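Asks: Mind having a look at this structure? Questions to follow.
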């Protein structure tokens, strides 16, 4: 089942190009204009991706991210995320770790022992054991991060 994209009815590529024209060199603007017309973006994000594609393929100088955001009438963070192409990864800081290294080892041993006895372990069992170790309720995603860290152990 594919995700259906609903076009943003408020986005107008001609208006978008008009706003960028003043901030670009004529040749760069001409190239971007061609890319926009060929791609026919229906959303602000699509238009920003077209700008990035034009920059990568034709080595044109693009306006600042703030100028692009103003032309697209969107938040600068959308432009930054789209052009930056970096996905946010949750990084667990050592200060915020729920379990100590020793507790993690004990939890791994518990999981292996449970798997040996019953053939499997459940996320609820992992969270209950972790909660018992730290003497407080652990979050729902704690077992997911624990399993990610303990894959090769």
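Residue numbers (the numbering used here): 713 to 865. Where a beta carbon is used, it is the ideal one built from N, C-alpha and C, also for glycine. All values derive from a computational prediction rather than experimental measurement.
Does the contact criterion of 3 or more C-beta pairs under 8 angstroms hold for the segment 833-848 versus the segment 780-796?
Replies: no
Asks: Going by Cα to Cα distance, which pick from 741, 776, 767 and 842 is closest to residue 812?
Replies: In this structure, 842 is the residue among 741, 776, 767 and 842 with its C-alpha nearest to the C-alpha of residue 812.
Asks: Would you tell me roughly how many angstroms separate the C-alpha atoms of residue 850 and residue 729, rounded to the nearest one?
Replies: 51 angstroms
Asks: According to DSSP, is residue 736 helix, strand or coil?
Replies: coil
Asks: Taking all protein chains shown into account, decide if residue 771 is buried (16 or more other Cβ within 10 angstroms of its Cβ) or exposed.
Replies: Exposed, by the Cβ-count rule.
Asks: Taking the alpha-carbon positions, what's the residue 746 to residue 815 distance?
Replies: The alpha-carbon atoms of residue 746 and residue 815 are separated by roughly 59 angstroms.
Asks: For the alpha helix (DSSP H) containing residue 761, name the first residue and the last one.
Replies: 756-770
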